[in-house]
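Be aware that the sequence shown starts at 1, since it is given in full-length UniProt numbering, and climbs by one per residue. We treat Cβ as the ideally placed atom computed from N, Cα and C, and that holds for glycine. If you're wondering where the values come from, they're calculated on a predicted model, not measured in any experiment.
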Amino acid sequence: MSPVTSQTVWTLVGNEPFLSTYNGSFLQTTYPALQNIQSALIKAGLSSQVKVTIPLNADVYGSSSEKPSDGDFRTDIKDLMVAIVKFLSDNGGSFTVNIYPFISLHNDPNFPVDFAFFDGYSAAINDNGKIYQNVLDANHDTLVWALQKNGFGNLSIIIGEIGWPTDGDKSATVELAQRFNQGFMSRFNAETGTPMRPGPMDVYLFSLIDEDHKSILPGNFERHWGIFYFDGSPKYQLKLGSNSNGLVPATNVRYLAKKWCVLSSSANLQDPQLAPSVSYACENGDCTSLGYGSSCENLDARGNISYAFNSYYQISNQLDSACRFPNLSAITDQDPSVENCKFRIMIQAESPANIGSGAGAGAGAGYLKKPHGLMMMVMMLLLSLTTMVL
């Protein structure tokens, strides 16, 4: 969604390298990498067609108050940020930032919910006559002020990512995602802009489809930003343009057989192999819908275990060997889904002749094999199971 730079090709250097959670791991390498890529483009004669930028998180700047006009770059990286901004300006680049109002709501239990959306906020911020009724405008213009204070008030801005997840957190729901994304799209199509920069914006909606490779270190919601499920079915109705009739589901999608791997009815919850089996299933599958506030939070202990087993089984393309947890698992043709908690069936990623052959099993859906931060979630899940059993 780029009315300004739709014909420009961008090379992205890194992704949010200065997140405070990285503890400065990329402070010494990001700027040299940016310079090297630019030098390579110049040598190849492509610098006029291909531009460089760094997708940055919105925590590289901030305001000392609630007003955007008090914005500036983060003190610990200010010199580095000014150097990067100057380089981008000198080479015709843009400042790229990922803005997520959801994160504000996720990180602060006292954050005003309505301020994250676009349908009105009663306690709007008045910044010297400029009125801010949503996080996007306030965050964006805090960056504008930071650029302006450091001599780069005319540098173009790209919002590299904006969106709302649908699972993995109490605020990550289909209803809230539809509310946010539809409100954003309506605002984008109206070319309202922000108080400091009215007019069309250069923005990229995130994301098309869920990404089960993503690290869940920031939270379980990280795997659920898509407006489509992995099978190409829309999660909710969303009109992308004024003439849009909404999202269109993928066609001719082939699913595997209607069978699920679940905890056997004869399984003992005190079995010593239960904990390592669930841990293995979650490590090689995806259990991010089982946490507090998620779509499957109301499952009992046996339901949690069944969900974990089935996730691994489906990701493994329903290989028989993927449902052989000793004395614990069984295959059923009865759908164990409960209300909003769906035990999904995997789609066919290869030709029917190759499904279940073992070659590339589980690769079709692109699930993460060893996700960062997953073991913490598994331990919490097992702790909750133990509590329920006791």
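Check                                                                                                        : Outcome
Y204, enclosing beta strand (DSSP E) - first and last residue                                                : D202 to L205
For C341, the residue or residues it bridges with in DSSP                                                    : V338
Assumed close pair L27, I77 - CB separation to whole angstroms, cut-off 8 Å                                  : 7 Å
Nearest-angstrom Cα separation, counted from D286 out to W308                                                : Correcting the residue identity first, residue 308 is Ala in this sequence and not Trp. So the alpha carbons of these two residues sit roughly 7 Å apart.
Reduced DSSP secondary structure (H/G/I, E/B, other) of G303                                                 : helix
For E283, three-class secondary structure by DSSP                                                            : helix
V278, DSSP secondary structure in three states                                                               : helix
Sequence-distant residues of the same chain with beta carbon closer than 6 Å to K259, five excluded per side : I331 and D333
Short Cβ contact (8 Å threshold) for G246 with K239                                                          : yes
Continuous beta strand (DSSP E) stretch holding K51: start and end                                           : V50 to T53
For V50 and F95, the rounded distance between their alpha carbons                                            : 15 Å
Bridge partners - T96, DSSP secondary structure assignment                                                   : P55 and I158
DSSP-derived helix/strand/coil call for V9                                                                   : strand
Residue range of the beta strand (DSSP E) that includes G62                                                  : Y61 to S63
Reference N91, options N298, D79, V262 and I42, closest by Cα                                                : I42
Residue from A177, L176 and G199 with nearest C-alpha to R187                                                : G199
The segment 137-146 touching the segment 191-205, judged by at least three CB pairs closer than 8 Å          : yes
Assumed close pair Y255, I162 - CB separation to whole angstroms, cut-off 8 Å                                : Wrong, their Cβ atoms sit about 32 Å apart, outside the cutoff.
Contact the segment 278-292 vs the segment 168-178: 3+ CB pairs below 8 Å                                    : yes
Nearest residue (CA-CA) to N284, options A322, Y61, L105 and F184                                            : A322
Buried or exposed by the 16-neighbour rule on C-beta atoms within 10 Å, applied to S122                      : exposed
Bridge partners - T332, DSSP secondary structure assignment                                                  : W260
The segment 97-112 contacting the segment 55-67, beta-carbon criterion three pairs below 8 Å                 : yes
Straight-line gap, P326 to N220 (C-alpha atoms, nearest Å)                                                   : 29 Å
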